[in-house]
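Peer 1: I'd like to ask some things about the structure below.
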Amino acid sequence: MLHKIPLKILIGAAVFLSAVLVGIWFGTGFGFGKSSKTPEVAQPKEPTPEADTNDILFLNKNLKNALNVHREITLNRTKDTLSASEIWLVPNGMSIPNYALRASREVERCKGKIHWMREIRDGRAALIKYEGEQGIYPLTEIRVIDSLWLPNSSKLAVVLAVREQNKMLKNNPELLEQLDFRYNLLIPSSRPEFLEAGKKLNANINIIPWIPMEGHAVYSAEKKNQIPIGVANEKELAKMLDEALKKFDNVSGFASFYGEDFLVHASSVEKFGNVLASKDLWFWDLSKKGIASLSPNECSQKNIRCRRNYLEAESDALITKTLRTARINGKAILLFELTEKSLELLKKLPSIAEKQGTSLVYAEEVF
167 MLHKIPLKIL IGAAVFLSAV LVGIWFGTGF GFGKSSKTPE VAQPKEPTPE
217 ADTNDILFLN KNLKNALNVH REITLNRTKD TLSASEIWLV PNGMSIPNYA
267 LRASREVERC KGKIHWMREI RDGRAALIKY EGEQGIYPLT EIRVIDSLWL
317 PNSSKLAVVL AVREQNKMLK NNPELLEQLD FRYNLLIPSS RPEFLEAGKK
367 LNANINIIPW IPMEGHAVYS AEKKNQIPIG VANEKELAKM LDEALKKFDN
417 VSGFASFYGE DFLVHASSVE KFGNVLASKD LWFWDLSKKG IASLSPNECS
467 QKNIRCRRNY LEAESDALIT KTLRTARING KAILLFELTE KSLELLKKLP
517 SIAEKQGTSL VYAEEVF
């Protein structure tokens, strides 16, 4: 009977059955963990650039470039096992989950498909099985090597918040000359004396507007300039924002100062979100309650870049935590109040960041 079936069909059926068996043996899905029973983890969807014909044909080459593969090791495997047939050595400075996410996006961009991916070696490597236009590729291990560091593999923004009672910027701005890297100052739009002092500082600094919004326990100067609940319409709200932002140079976004009441008022936040989208401004929520009716998912749906943070006590532990976040996610923000203690803590940051391949950038680049 088999001799009557065309050879092309037999080969196709064999390839299909092999793929099925591999899936059964290894388990499918894009997950991480030591156990083979790792559940599937949904990855956030981002716009994927269109791939041309060459990208589709040369998926493997493009994938290696995307991962900055330093060296390849090919092993002779007679059958599919949990041992990889190829090992790709990649530089340190970025975490395995971040490498995995890059791999997934590049395979998708080149019209390929990830069969599954799993973290191994205590988070120092990952196994990946994928296919493309040329068929199913060998089981590959992506392994981080400590002897090679990848510069600029992640970004960290440092932001120093100038609160209304801050005396340093007004009386001793020269203390900021201790920091010889890029960073941002977060300055309330209601404090012109701080803004003038900030504009006179060196070229390493970018200023982020800190706009007062209605909240409890607001200082009198901020109360006069705050954006209140119950703004009549979006046009009026846009006018108020324009008035506050015109004091600053090259504004691409701003943060909330107070805002505990405004940012949980659904009607106000809806108008606010529409104005942000129309002006293409990013928004940073620094209220302790967070945005009640403009969640990160809703921000994404409206094409608004937004995030949440709040001021924590400055410490070495927070610096370590933020550096780790930068490695895992590819970007992070370190937010300190502008004090002599925070300046002292930040002196060693450039050398520590450089050692793990993290660049110090302006917050605008992280948003």
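Number 275 in this note's numbering belongs to position 109 of the sequence shown; there are no gaps in the numbering.
The beta-carbon is built from N, C-alpha and C at its ideal position, and this holds for glycine as well.
What are the partner residues of CYS472, as DSSP defines its beta bridges?
Peer 2: Residue mapping note: residue 472 aligns to position 306 of the sequence shown, counting from 1. Answer by DSSP bridge pairing, in chain order: PHE449.
Peer 1: Quick check: the Cα distance between VAL235 and ALA498, rounded to an integer number of angstroms?
Peer 2: As a first step, residue 235 is located in the sequence shown; it is residue number 69 there, counting from the start. As a first step, residue 498 is located in the sequence shown; it is residue number 332 there, counting from the start. In a straight line, the C-alpha of VAL235 is about 24 Å away from that of ALA498.
Peer 1: Taking the CB atoms as reference points, tell me whether ASN242 and GLY523 lie closer together than 8 Å.
Peer 2: Looking up residue 242 in the sequence shown gives position 76. Looking up residue 523 in the sequence shown gives position 357. Result no, Cβ atoms of ASN242 and GLY523 do not sit closer than 8 Å.
Peer 1: Report back the beta-carbon spacing between ASP427 and GLU380 to the nearest angstrom; my notes put them in contact at under 8 Å.
Peer 2: Here residue 427 refers to the residue found at position 261 when the sequence shown is read from its first residue. Here residue 380 refers to the residue found at position 214 when the sequence shown is read from its first residue. The Cβ separation is near 5 Å, so the contact holds.
Peer 1: Decide if TYR476 is buried, meaning its Cβ has at least 16 other Cβ atoms within 10 Å, or exposed.
Peer 2: Translated into the one-based positions of the sequence shown, residue 476 becomes position 310. Answer is exposed; the Cβ neighbour count stays below 16.
Peer 1: Would you give the residue range spanned by the alpha helix (DSSP H) that VAL430 belongs to?
Peer 2: As a position in the sequence shown, residue 430 is number 264, starting the count at 1. Taken as a continuous stretch (DSSP letters only), VAL430 belongs to no alpha helix (DSSP H), as it is neither H nor E.
Peer 1: So the alpha helix (DSSP H) LEU267 belongs to, where does it begin and stop?
Peer 2: Locating residue 267 in the sequence shown gives position 101, counting from the first residue. Unbroken alpha helix (DSSP H) run through LEU267: 262 to 275.
Peer 1: In terms of alpha-carbon separation, which member of LEU484, ILE222, CYS276 and PRO263 lies closest to LEU515?
Peer 2: Counted from its first residue, the sequence shown places residue 515 at position 349. When only C-alpha atoms are compared, the closest one is LEU484.
Peer 1: In whole angstroms, what separates the C-alpha of PHE533 from that of TYR424?
Peer 2: Reading the sequence shown from its first residue, position 367 is the one you call residue 533. Reading the sequence shown from its first residue, position 258 is the one you call residue 424. Using only the alpha carbons, I get a separation of about 20 Å.
Peer 1: Mind reading off the beta-carbon distance from VAL256 to LEU500? Whole number of angstroms is fine, and I expect it under 8 Å.
Peer 2: Translated into the one-based positions of the sequence shown, residue 256 becomes position 90. Translated into the one-based positions of the sequence shown, residue 500 becomes position 334. LEU500 and VAL256 do not touch by the CB rule: their CB atoms are close to 26 Å apart, not below 8 Å.
Peer 1: Quick check: is any heavy atom of the ligand NAP less than 7 Å from the C-beta of LEU526?
Peer 2: Absence of the ligand NAP from the depicted structure is noted, as is the absence of any ligand whatsoever, leaving it without description.
Peer 1: The beta strand (DSSP E) that contains PRO534, what's its start and end?
Peer 2: Outside the modelled stretch of the chain, which goes from 167 to 533, sits residue 534, for which no answer is possible.
Peer 1: Leaving out five residues on either side along the sequence, give the residues of the same chain with a beta carbon under 6 Å from the beta carbon of ARG309.
Peer 2: The residue given as residue 309 occupies position 143 in the sequence shown. ILE253, LEU255 and ALA291.
Peer 1: Whose C-alpha, out of LYS333, TYR528 and SER319, is nearest the C-alpha of GLU520?
Peer 2: Counting from one through the sequence shown, the residue named residue 520 turns up at place 354. For the residues LYS333, TYR528 and SER319, the minimum Cα distance to GLU520 belongs to SER319.
Peer 1: Tell me whether the beta-carbon of TRP450 lies closer than 8 Å to the beta-carbon of ALA421.
Peer 2: Locating residue 450 in the sequence shown gives position 284, where the first residue counts as 1. Locating residue 421 in the sequence shown gives position 255, where the first residue counts as 1. Yes; because the gap between Cβ atoms is below 8 Å, this pair is in contact.
Peer 1: My guess is that LEU233 and ARG268 are in contact by the Cβ rule of under 8 Å, so how many angstroms apart are they, rounded?
Peer 2: Residue mapping note: residue 233 aligns to position 67 of the sequence shown, counting from 1. Residue mapping note: residue 268 aligns to position 102 of the sequence shown, counting from 1. With a Cβ gap of about 6 Å, LEU233 and ARG268 count as contacting.
Peer 1: For the beta strand (DSSP E) holding SER461, just list the boundary residues, first then last.
Peer 2: Here residue 461 refers to the residue found at position 295 when the sequence shown is read from its first residue. Premise fails: SER461 is in no beta strand (DSSP E) and is neither H nor E.
Peer 1: Would the beta-carbon of GLU464 fall within 8 Å of that of LYS437?
Peer 2: The residue given as residue 464 occupies position 298 in the sequence shown. The residue given as residue 437 occupies position 271 in the sequence shown. The answer is no: Cβ separation not under 8 Å.
Peer 1: Does the stretch 396 to 411 come within contact of the stretch 361 to 369, defined as at least 3 CB pairs closer than 8 Å?
Peer 2: no
Peer 1: Cα-Cα, which of GLU272, ALA387, TYR349 and SER433 is closest to ASN357?
Peer 2: Start at 1 with the first residue of the sequence shown, and residue 357 comes out as number 191. The displayed chain sequence assigns Arg, not Asn, to residue 357. Taking only the C-alpha atoms, the option nearest ARG357 is ALA387.
Peer 1: Which same chain residues, not among the five before or five after TYR385, have their C-beta less than 8 Å away from its C-beta?
Peer 2: Within the sequence shown, the letter at position 219 stands for residue 385. Setting aside the 5 residues that flank it on each side, TYR385 is surrounded in the same chain by GLU330, each with a C-beta closer than 8 Å to its C-beta; the list follows chain order.
Peer 1: Just verifying my parser: in three-state terms, what is the DSSP assignment at ARG309?
Peer 2: By 1-based counting over the sequence shown, the position of residue 309 is 143. Here ARG309 sits in strand by DSSP.
Peer 1: For ALA443, which of helix, strand or coil comes out of DSSP?
Peer 2: Here residue 443 corresponds to residue number 277 of the sequence shown, with the count starting at 1. Three-state DSSP puts ALA443 in a helix.
Peer 1: For ALA483, which of helix, strand or coil comes out of DSSP?
Peer 2: As a working note, residue 483 is residue 317 in the sequence shown. Helix at ALA483.
Peer 1: Take the Cβ of SER201 as the centre, count every other Cβ of all protein chains shown within 10 Å, and call the residue buried at 16 or more, exposed below.
Peer 2: As a position in the sequence shown, residue 201 is number 35, starting the count at 1. Unreliable placement is indicated for SER201, whose pLDDT of 35 sits below 50; no coordinate value is reported for it.
Peer 1: Are the beta-carbon atoms belonging to MET334 and LEU504 less than 8 Å from one another?
Peer 2: Numbered from its first residue, the sequence shown carries residue 334 at position 168. Numbered from its first residue, the sequence shown carries residue 504 at position 338. Closer than 8 Å, so yes.
Peer 1: How big is the Cα-Cα spacing for LEU187 and LYS295?
Peer 2: The count along the sequence shown starts at 1 and reaches residue 187 at position 21. The count along the sequence shown starts at 1 and reaches residue 295 at position 129. Residue placement at LEU187 is poorly supported in this model, since its pLDDT is 39, which falls under 50; the coordinates still yield a value, given next. C-alpha separation (whole angstroms): 13 Å.
Peer 1: For PRO375, does the three-state DSSP call read helix, strand or coil?
Peer 2: One-based indexing of the sequence shown puts residue 375 at position 209. If DSSP states are grouped into helix, strand and coil, PRO375 belongs with the strands.
Peer 1: Reducing DSSP to helix, strand and coil, say where GLU206 ends up.
Peer 2: Position 40 of the sequence shown, counting from 1, holds the residue named residue 206. Any reading at GLU206 must be qualified, since the residue scores a pLDDT of 33, below 50, and its modelled position is unreliable; the value itself is stated next. GLU206: coil per DSSP, three-state reduction.
Peer 1: Closest by CA to GLN467, which one among ARG493, GLY439, SER481 and LYS454?
Peer 2: As a working mapping, residue 467 is identified with position 301 in the sequence shown. Closest option to GLN467, Cα to Cα, is GLY439.
Peer 1: With a 10 Å radius around its C-beta and 16 neighbouring C-beta atoms as the bar for buried, classify GLN300 as buried or exposed.
Peer 2: Position 134 of the sequence shown, counted from the first residue, corresponds to residue 300. Result: exposed.
Peer 1: Find the nearest neighbour of ASP312 within the set LEU526, LYS405 and ILE262, judged by alpha-carbon distance.
Peer 2: In the sequence shown, counting from the first residue as 1, residue 312 sits at position 146. For the residues LEU526, LYS405 and ILE262, the minimum Cα distance to ASP312 belongs to ILE262.
Peer 1: Give the straight-line distance between the Cα atoms of LEU453 and ILE374, rounded to the nearest whole angstrom.
Peer 2: Taking the first residue of the sequence shown as position 1, residue 453 is located at position 287. Taking the first residue of the sequence shown as position 1, residue 374 is located at position 208. Correcting the residue type first, residue 453 is Ser in the shown sequence and not Leu. When rounded, the distance between both Cα atoms is 16 Å.
Peer 1: Measuring alpha carbon to alpha carbon, tell me which of LEU407, LYS227 and LYS365 ends up nearest PRO339.
Peer 2: On the sequence shown, position 173 is the one that residue 339 refers to. The candidate whose alpha carbon is nearest that of PRO339 is LYS365.
Peer 1: I need the straight-line Cα distance from LEU511 to CYS276, nearest angstrom please.
Peer 2: By one-based count along the sequence shown, residue 511 stands at place 345. By one-based count along the sequence shown, residue 276 stands at place 110. So the alpha carbons of these two residues sit roughly 44 Å apart.
Peer 1: Pick out the complete alpha helix (DSSP H) segments inside the stretch 364 to 427, 4 residues or longer, and give them in chain order.
Peer 2: 386 to 391 and 400 to 411
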